[in-house]
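> Per the numbering used here, the sequence shown starts with residue 234, numbered consecutively.
Backbone N, C-alpha and C define an ideal beta-carbon position, used for all residues, glycine too.
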Amino acid sequence: MPRLMAKKGRLRLFLCFLVPIIVLIFLIIYTTNDLKINDFVPNYYRLDDNNDNRLNGKDSDSVINDINNNDDDNHNSDTNDHNFDNERHYDKNIVTFAKPITHEEDLLSNDIHNGKCLPFASNLSVDINTIDGYKDLEFNPKFKSYWNYTFERKYEQTRDNWHELPLKVIILPHSHNDPGWLKTFEQYYYDYTALILNNMVDKLTRYHNMTFIWAEMSFMSRWWESLKNRPQMRESVKYLIKSGQLEIVTGGWVMTDEGPAHYWDMIDQLIEGHQFLRTSIGLTESPINGWSIDPFGHGMTFPYILKKSGINNTLIERTHFGWKTHFAAKQQLEFIWKQVFDTSSSWDLFCQMSAFDLYSIKFTCGPNTDICLQFDFRRIAGESSESTSVKITEDNVEERANLMVSQYGRLASLFPHNIALVPLGDDFRFNYDTEWDQQYDNYNKLMQYIRSNPLLYNKTEIKFGTLNDYFQEVHQRMEKMNENKFPTLYGDFMPYADVYVDGKPHYWSGYYTTRPYWKSLSRQLQHLLRSAEILYSLTRNQIRQSGSNQQMLDRLDKDYEYLSTVRQNLALFQHHDAITGTSKEHVMEDYGKKLNIAISLVLGVISHSVQFILAKDNTVLPTDMNAAHPMTAYLFPDIERTSWDQLSQKSVLFVPPVDGRKLVVFNSHLQTRIEVIRVYVRTPSVRVIDGQNGNEIQSQINPIFNSTAGIATNGYELQFIVSLSPLSLTTFVIQTFERRHRSHHLPKVSLFLSDADEDEDLHKSDGNVIHPKVFKFDTPMDNKEFELETPYIKVRFDRRTGFITHIIDKKSNFVQKVHLSLRAYKSAEYNSGAYLFKPSQFDPIHNITERFPIMRLIRGDVSSELTVIYPNFIEVNFKVYNTYSSIASAVQMYCKFDLSKREDLMDWELIMRVETDINTIDSRDGRKRFYVDSNGFQMIERKYVDSLGIDGNYYPMTSSMYIEDNNSRLTLLASHSHGVSSPLNGTIEVMLERKLRFDDNRGVGEGVADNKLTISRFWIAIERTDTDYGSDNQPIVPNLSQLMYSLLSTLLYEPIVLASDGQHNRPTHSTMKFLSESFDCNLFLVNLRTLPEADNFELPSQSSLLLLHNRGNTCRIRQQITPKSMLCLNSKNRPKSFANLRIQSINECSLTAFKTLKPVTDLSTIDIPEMQINAYDIKFVK
């Protein structure tokens, strides 16, 4: 018996050792094959022992449907709302974990498209393709003007035929009013614009045959408000518009830029202007003619926006001098502008390109500027002027009329219809009442004389007219001549170049990048305003329909005033001298302050909307009724700004030990999103709890660096990955815990120095010398490259510089060279400026990174990152995510720079260059090709012209560009606009910043030296291409892949995060879903914008304007490397309406809601052609 007992004891002892070993082996095998820590969203949907909803052979779609349905759709039901604070209590130190919801092999799929993957091939056939034709322009003209003997002979032949095709002339009085340039918006308004508009009403009322056009609604709305006690003048304006003497052209808030501006902003400023015209001026139809005379080049997206907004004709001015010469010679200055995706020709826009350089009188009457100056009759005492005019009298009227008609005839000869449009005006003209009289009296005498002598002038018809008068005359005459047929055109007119200053070509490609801080600030505001618009529309109508709290509704109605201010401040910045960065320094400061005010206001609107919609007991505190300000709300966005010229900062959140801190996350997209949430907390001992089910979510704590090597002791970055239902608010809770109960690994942090130089001297072709190393640094990467890794890619870095060198597709083992470097162009003195880009031809490009970079490496369960710092210059960060979702498919990157600290970098233009082994040579013509977005709306092919310098090969990138060959595509996504090019085979070049001492002689009168600390954010991705599609013989419309659009949504429209105040524990709903199902993967929610009352621009109505963009996606990509389930779910049944909202009617309408097109049954029946935008007027039930 004792021996048996001893045997049993030894057996128990043996089992005590054996069982843990077996369990450990099992766990290792299980972890290796199944329990990948970040599988999908690794610990987000942890299932406790009592939950039967485990994976039992379910496919990935079922899993996601289970997740999406985890929250009850009836958000007003307290019984189904898992409110963490009031209904459930958990031991903060005990967490249950369960098997991950799925495996990698369950998720990978080749088919992530919308049920099909077809090339969107275009059968577009046009007479003019500006992409291919750019290389054939005359780039080195001998003279400033293209007018020569050939043009003169053409004029004489046309003049000889005037008896059959009489000359018609429309003289168009106008005044170009910049809402900021050399003066601020307010300064211009009080010094010029108010006077111009007052004079306009007075003189047009007096001179019944005189006309005028107006474009900028930002000024007109300010002036209209000043007339609230002058109803007679308001009625006069309405009468002048109705009679046709005064024409509103374009009708936008500003004359928008068409290079760096994003299509969201271009549309929004147009909506704001049109809604002002509809509700305040009382127009029943939108403007029908566009007027874009001062943007520095013209893109191909704005014509589409104009046509979708009800505009049929437009006029453009500033285009490359080569295009003007080319079109004038072929009588093609008027054309039909087509879209490559619009095979039905539904959105063709008729366009005139002005024949000569500028819109001032000096350039508009004909080819001879000296003669044109003789017909500018403005004479103001004490004012210097180029004008050489003399007063028209009976003695000189014939001679003057002959001279004038000769110029008009030459202008008209450039068009097949022999009709001349002669703009009469310039910047801020007609501000003196005497100018109105001078111009009218003298021109009237000339016109009367010409009309009274029909035989002498071959029945020439001449009159004052509007832009509409001109286009009507053209279409009527062309209808008789050739059934109104014009040449067709595809493409755009970027870059713009002039020769009018000194006869030498100058390229306006610097402004694509100028003042990137402002460009970035504008895009941040756009993101916040879009979210605020959507939240405000949904919240206000839900509260209004429920009738539950009149105080909340009243507060939201008052918040509409703040929302309008935000709209108008952002719209103002789309002006072609604002977002371009081409105004004087004090004016740019004024713009910056307006954007900063708008950000503060929009955060307050977001706070109120979220707080009110989630309020569970409709309790209203006095602070809730305060004016919209984020810091007075119970829930507020976790960002703060200390000054207009400082970057936004994350608020550092104190986490109460008992109740924790609520986080509410808003997903503004129509699809389920997998996103990274980052917040700053004061203690590292925190964890994240799902507010719906109480499960812990995998998270990671990172240090916050307050200097190059200094780690903050009072703040930490908390990041976690979550799945967010479409168009929803989701609550999470941050809790403190005892460190001994930590359930996740600590990230590993390394800090080290490197020597960026080679081991031995290298004499490079550009003359630079790289010297040998002088120090031996002990780093983790000695004598080898090092990598960061996700489930999909490996990213390899240079051990010397810390910059990326390769991206490896793990599934196919495809290695893509991606060699990143930072360089700079040395500016040519008095050439590069706010507008122009012109590197020095003697010493153009340098590698300006310093020798000893400091590197910070963080490796964690959720993310890993490498930060490379060149002190007092630039900081570059590369980050990857360890999760099975789209964000793990690419490298997230940012560049943080501040050239204001480096006086030695004056007259340098900083660039980032990415060199690859992708073959970008077009086999058809041997030219390097690359693809750049047009205002973020569509992609356009670009081709490098070797006969031009780099300045003539730069283009505006608003959000994306890519290069590709038959093996792979490299895509770069950007947070704001930059100038880009591809000067070498397989290369992407991005301009980051410019610091310029000198003015470029284009009017602003100063350099660009007000540089700010700026962050440029990017995603870099490789994708494999499909040789079956998009060959040279089978062209397809260039477009991004669905994966890239998913990442672009993450980059531009990340979730809005709000935190509770940390002092009160108010009852709120843990979730709010505004959609029961996802929408199609390609549909992007551009906006859901509350419209004003029909007769009051300042009050919200019960209608909202829904804007949807079917972005499409390319089939050029052979295989997506991210799983179907994590990228987008194609819903089998679209939702018919928004959850908990009753809709009275839906009508498809013009883009600015001016014209109703057709009724729509419900949201599920919406049909939008690929790559197009549709608008819908949604009227909610009262």
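Can the beta-carbon of Leu-957 be found less than 8 angstroms from the beta-carbon of Thr-963?
Looking up residue 957 in the sequence shown gives position 724. Looking up residue 963 in the sequence shown gives position 730. Yes, the pair counts as a contact, with Cβ atoms nearer than the cut-off.
> Counting only runs of 3+ residues fully inside the segment 1143-1226, write out the beta strand (DSSP E) ranges in chain order.
With a minimum length of 3 residues, the continuous beta strand (DSSP E) runs that stay inside the segment 1143-1226 are 1162-1167, 1171-1176, 1188-1190, 1193-1197, 1201-1207, 1211-1214.
> When you compare the CB of His-841 with every CB in chain B, is at least one pair closer than 8 angstroms?
Checking the listed chains, one finds no chain B in this structure; it contains a single protein chain.
> Can you tell me whether His-819 is buried or exposed? The criterion is at least 16 other CB atoms within 10 Å of its CB, across all chains shown.
In the sequence shown, residue 819 corresponds to position 586, counting from 1. Counting Cβ neighbours within 10 Å, His-819 comes out exposed, since fewer than 16 surround it.
> What three-state label does DSSP hand Arg-439 in the structure shown?
In the sequence shown, counting from the first residue as 1, residue 439 sits at position 206. Three-state DSSP puts Arg-439 in a helix.
> Just mark Thr-667 as buried or exposed, buried being the case when its beta carbon has 16 or more other beta carbons within 10 Å.
Within the sequence shown, residue 667 is the residue found at index 434, counting from 1. Looking at its Cβ environment, which holds fewer than 16 other Cβ atoms inside 10 Å, Thr-667 is exposed.
> Determine the direct distance from the alpha carbon of Pro-1216 to that of Thr-602, and round the result to whole angstroms.
Position 369 of the sequence shown, counting from 1, holds the residue named residue 602. Position 983 of the sequence shown, counting from 1, holds the residue named residue 1216. Taking the straight line from one Cα to the other gives about 38 angstroms.
> Roughly how many whole angstroms lie between the Cα atoms of Met-1224 and Glu-1197?
As a working note, residue 1224 is residue 991 in the sequence shown. As a working note, residue 1197 is residue 964 in the sequence shown. Going from the Cα of Met-1224 to the Cα of Glu-1197 covers about 20 angstroms.
> Is the distance from the Cβ of Ile-361 to the Cβ of Gln-565 below 8 angstroms?
Here the question's residue 361 lines up with position 128 in the sequence shown. Here the question's residue 565 lines up with position 332 in the sequence shown. Yes.
> Determine the DSSP secondary structure at Ile-1399, reduced to helix, strand or coil.
The sequence position of residue 1399 within the sequence shown is 1166, counting from 1. The answer is coil: DSSP assigns Ile-1399 none of H, G, I, E or B.
> Run the CB neighbour count on Gly-1159, radius 10 Å, all protein chains shown included, and call it buried at 16 or more, exposed below.
Taking the sequence shown and counting its residues from 1, one reaches residue 1159 at position 926. Label assigned to Gly-1159: exposed.
> Helix, strand or coil for Tyr-537 per DSSP?
Along the sequence shown, read from residue 1 onward, the residue named residue 537 stands at position 304. Tyr-537 falls in the helix class under three-state DSSP.
> Using the C-alpha atoms, what's the distance from Ile-1087 back to Ala-1067?
What you label residue 1067 is simply residue 834 of the sequence shown in a count that begins at 1. What you label residue 1087 is simply residue 854 of the sequence shown in a count that begins at 1. One C-alpha to the other measures close to 33 angstroms.
> Let's see if you can read the secondary structure: which residues bound the alpha helix (DSSP H) around Ile-496?
The count along the sequence shown starts at 1 and reaches residue 496 at position 263. As written in the sequence, residue 496 is Tyr, which differs from the Ile given in the question. It spans 496-509 - the alpha helix (DSSP H) in which Tyr-496 sits, taken as one unbroken run.
> Have a look at Asn-629 and Lys-595 and give me their C-alpha separation to the nearest angstrom.
Counted from its first residue, the sequence shown places residue 629 at position 396. Counted from its first residue, the sequence shown places residue 595 at position 362. Computed Cα separation, rounded: 21 angstroms.
> Where do the N-terminal and C-terminal ends of the beta strand (DSSP E) with Cys-584 fall, by residue?
The residue labelled residue 584 in the question sits at position 351 within the sequence shown. 582-586 is the extent of the beta strand (DSSP E) around Cys-584.
> What does the Cβ neighbour count give for Asn-686, buried or exposed, with the cut at 16 atoms within 10 Å?
Stepping through the sequence shown from its first residue, residue 686 is reached at position 453. Asn-686 comes out exposed.
> Apart from the five residues just before and just after Ile-504, which ones in its own chain have a Cβ nearer than 8 angstroms to its Cβ?
Position 271 of the sequence shown, counted from the start, is the residue given in the question as residue 504. Answer for Ile-504: Arg-1322, Leu-1338, Leu-1384, Thr-1385, Ala-1386, listed in chain order.
> Based on DSSP bridge pairs, tell me the residues matched to Met-1139.
Here residue 1139 is taken as the residue at index 906 of the sequence shown, counted from 1. None, per the DSSP bridge assignment.
> Are the CB atoms of Leu-644 and Gln-179 within a distance shorter than 8 angstroms?
The chain is shown only over 234 to 1415; residue 179 falls outside these bounds and no answer can be derived.
> Near Tyr-641, what residues of its chain come up, given a Cβ to Cβ distance below 6 angstroms and the 5 sequence neighbours on each side ignored?
Walking along the sequence shown from the start, residue 641 turns up at place 408. The residues are Val-402, Ala-653.
> Just curious, the alpha helix (DSSP H) that Met-466 is in, first and last residue?
Your numbering for residue 466 matches position 233 in the sequence shown. Residues 464-476.
> In angstroms, rounded to a whole number, what distance separates the CA positions of Thr-1347 and Ile-1269?
Along the sequence shown, read from residue 1 onward, the residue named residue 1347 stands at position 1114. Along the sequence shown, read from residue 1 onward, the residue named residue 1269 stands at position 1036. Whole-angstrom Cα-Cα distance: 8 angstroms.
> Near Thr-312, which residues of its chain fall below 8 angstroms by C-beta distance, leaving aside the five closest residues on each side in sequence?
Reading the sequence shown from its first residue, position 79 is the one you call residue 312. With a pLDDT of 33 at Thr-312, under the threshold of 50, the modelled position of this residue cannot be trusted; read the value that follows with caution. Counting only Cβ-Cβ distances below 8 angstroms, and skipping sequence neighbours, we find nothing.
> Using the DSSP secondary-structure output, state which residues sit across from Gly-1035 in a beta bridge.
Taking the first residue of the sequence shown as 1, we reach residue 1035 at position 802. According to DSSP, which records beta bridges pairwise, Gly-1035 is partnered with nothing at all.
> Quick one: Cα of Asn-1233 to Cα of Lys-1071, how far?
On the sequence shown, position 1000 is the one that residue 1233 refers to. On the sequence shown, position 838 is the one that residue 1071 refers to. It is Asp, not Asn, that sits at residue 1233 in the sequence shown. Cα to Cα, the separation comes out at about 10 angstroms.
> Does DSSP classify Glu-969 as helix, strand or coil?
For the purposes of this step, residue 969 is taken as residue 736 along the sequence shown, with counting starting at 1. The displayed chain sequence assigns Thr, not Glu, to residue 969. Correct three-state label for Thr-969: strand.
> Going by C-alpha distance, which of Thr-1082, Leu-428, Asp-498, Trp-751 is nearest Thr-1247?
What you label residue 1247 is simply residue 1014 of the sequence shown in a count that begins at 1. Nearest of Thr-1082, Leu-428, Asp-498, Trp-751 to Thr-1247, Cα basis: Trp-751.
> At which residues does the beta strand (DSSP E) containing Trp-1252 begin and terminate?
On the sequence shown, residue 1252 is found 1019 positions in, with the first residue counted as 1. Its beta strand (DSSP E) spans residues 1247-1258.
> Counting beta carbon pairs with one atom in the segment 713-724 and one in the segment 444-454, are three or more of them shorter than 8 angstroms?
No contact exists between the segment 444-454 and the segment 713-724.
> Please state the DSSP three-state secondary structure of Trp-447.
Here residue 447 refers to the residue found at position 214 when the sequence shown is read from its first residue. Residue state, collapsed to three classes: strand.
> Give me whichever residues DSSP pairs with Ile-1040 in a beta bridge.
What you label residue 1040 is simply residue 807 of the sequence shown in a count that begins at 1. In DSSP, Ile-1040 forms a bridge with Val-1028, Gln-1049.
> Tell me, please, which residues DSSP counts as bridged to Tyr-740.
As a working mapping, residue 740 is identified with position 507 in the sequence shown. The partner list for Tyr-740 (beta bridge, DSSP) reads Ala-730.
> Keeping to the same chain, check which residues put their C-beta closer than 6 angstroms to that of Val-707; ignore five residues upstream and five downstream.
Counting from one through the sequence shown, the residue named residue 707 turns up at place 474. The residues are His-650, Ile-652.
> Quick check: Lys-1306 and Tyr-733, are their CB atoms within less than 8 angstroms of each other?
Along the sequence shown, read from residue 1 onward, the residue named residue 1306 stands at position 1073. Along the sequence shown, read from residue 1 onward, the residue named residue 733 stands at position 500. Not a contact, by the Cβ cut-off of 8 angstroms.
> Is DSSP giving Tyr-824 helix, strand or coil here?
Residue 824 sits at position 591 when you count from the first residue of the sequence shown. In the structure shown, Tyr-824 sits in a helix (DSSP, three-state: H, G or I).
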